[in-house]
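Below is one structure, written out as structure tokens; the observations come after it.
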Amino acid sequence: MPPPTITPSAKSIIHGVFHGHQGFSNFITPYYYYTRSQQILEQKSTFTTYSNASYPRDMNRDRGVSTRRRTGLRQPLSVSKTPLPKPVLDPTRHSEYKVSEDHGLWGFFHSREKSINTPQEDNAFGRSWTVEELREKSWEDLHALWWICAKENNRIATASYERKRINAGYGDAESEERDKAVRRTKRAIKQALTERYYAWSEAKELAKSDSEVDLSGNGPAYRPKSFYEENELPETQDDVGGLPPKIETDIQSEKRNLTPY
């Protein structure tokens, strides 16, 4: 009769029991962790904030419409089937268009024959206006000078953009000096107008305490009072009992001097 043998599985169990806990713990670990994980996953309460992912209800009608991704609208419009005009790329088929001689865009250029000036032309300019000179100008002159400066700023900016576009490589220094002179003139205009505004504000506050000035808007603003309203002078000399003796003597002597011989 052959000797009894032990299967490998039974041998590993016996070896773990008698020679340490490592083999025995490996044997019982899967069942322990399985039951423990089941207890963790079980719901402890009837309330939860987790949304049901099986039916994500969304009431936003514009969901999926994105101008950034160019998805377009979710429904077709009445103009969807209208054919759009296509650009004509053939130069021979281009229509001839005559530009008006009085077009406002001509004002952005110094000359109609060329897009930019030469450095000598940009450098040919005078000095800027001073505040002392502008204080003597009228409102109409200041208004006209301001818009002339604004027009010159537009011309300088257009020429600078054109030089960068064609990579000219010249004219920037002269253009900057010309632009500085124009901006100094505009700054002087602002200062002159600010001084006038402060003077007007002070005069308005002073007029509020003047009895001869009416700021209500009904009738003339300046209503001067007569000097004789408060100090009435007599019409005849009898009202005051005649003139003083010294004045009467002087009058008689003047009459004798004027009498011809």
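Counting from 1, one number per residue, gives the positions in the sequence shown under full-length UniProt numbering.
We put the beta carbon where it would ideally sit given N, CA and C, even for glycine.
Distance, residue j Cα to residue i Cα
i	j	result
Arg93	Lys86	13 Å
Tyr222	Thr194	25 Å
Lys225	Ser211	9 Å
Ser111	Lys204	48 Å
Leu77	Pro119	56 Å
Glu136	Lys208	27 Å
Thr82	Glu113	43 Å
Ala199	Arg127	28 Å
Lys186	Ser201	23 Å
Arg184	Asn60	57 Å
Tyr97	Lys180	38 Å
Asn218	Leu206	19 Å
Leu89	Ser95	12 Å
Ser25	Arg69	Residue placement at Ser25 is flagged as unreliable, the pLDDT there being 49, under the threshold of 50; the coordinate-derived value follows with that caveat. If you take the alpha carbons of Ser25 and Arg69, they lie about 58 Å apart.
Arg165	Leu84	32 Å
Gln75	Asp62	10 Å
Pro91	Glu101	24 Å
8 Å CB neighbourhood of residue i in its chain, flanking five on each side removed
i	result
Ile189	Trp129, Leu134, Leu142, Leu145, Trp146, Cys149
Val99	none
Val213	Ala207, Ala221, Tyr222, Arg223
Leu215	Lys204, Ala207, Lys208, Ala221
Nearest-angstrom beta carbon gap, residue j and residue i [assumed within contact, 8 Å]
i	j	result
Leu73	Val79	Actually they are not in contact, since the Cβ atoms of Leu73 and Val79 sit about 11 Å apart, beyond 8 Å.
Asn117	Ala173	Incorrect: roughly 13 Å between the Cβ atoms, too far for contact.
Val131	Ala168	Actually they do not touch by this definition, with Cβ atoms about 36 Å apart.
Environment of residue i [buried if 16+ CB atoms lie within 10 Å]
i	result
Val182	buried
Gly104	exposed
Glu152	buried
Thr71	exposed
Thr67	exposed
Gly171	buried
Proximal residues to residue i (C-beta, below 7 Å), its chain only, five neighbours per side dropped
i	result
Arg178	Asp122, Phe125, Ile156
Ser175	Asp122, Ile156, Ala159, Ser160
Asp106	For the record, residue 106 in the displayed sequence is Trp; it is not Asp. Same-chain partners within the cutoff: Arg112.
Member of the options whose CA lies at the smallest distance from the CA of residue i
i	options	result
Glu162	Ser115, Met59, Ala199	Ser115
Trp139	Arg63, Arg69, Tyr197, Gly219	Tyr197
Beta-carbon contacts of residue i that lie in its chain and below 6 Å, excluding the five residues immediately before and after
i	result
Asn154	Phe108
Residue i at chain D interface by Cβ criterion, 9 Å
i	result
Pro87	Absent from the structure: chain D. Only one protein chain is present.
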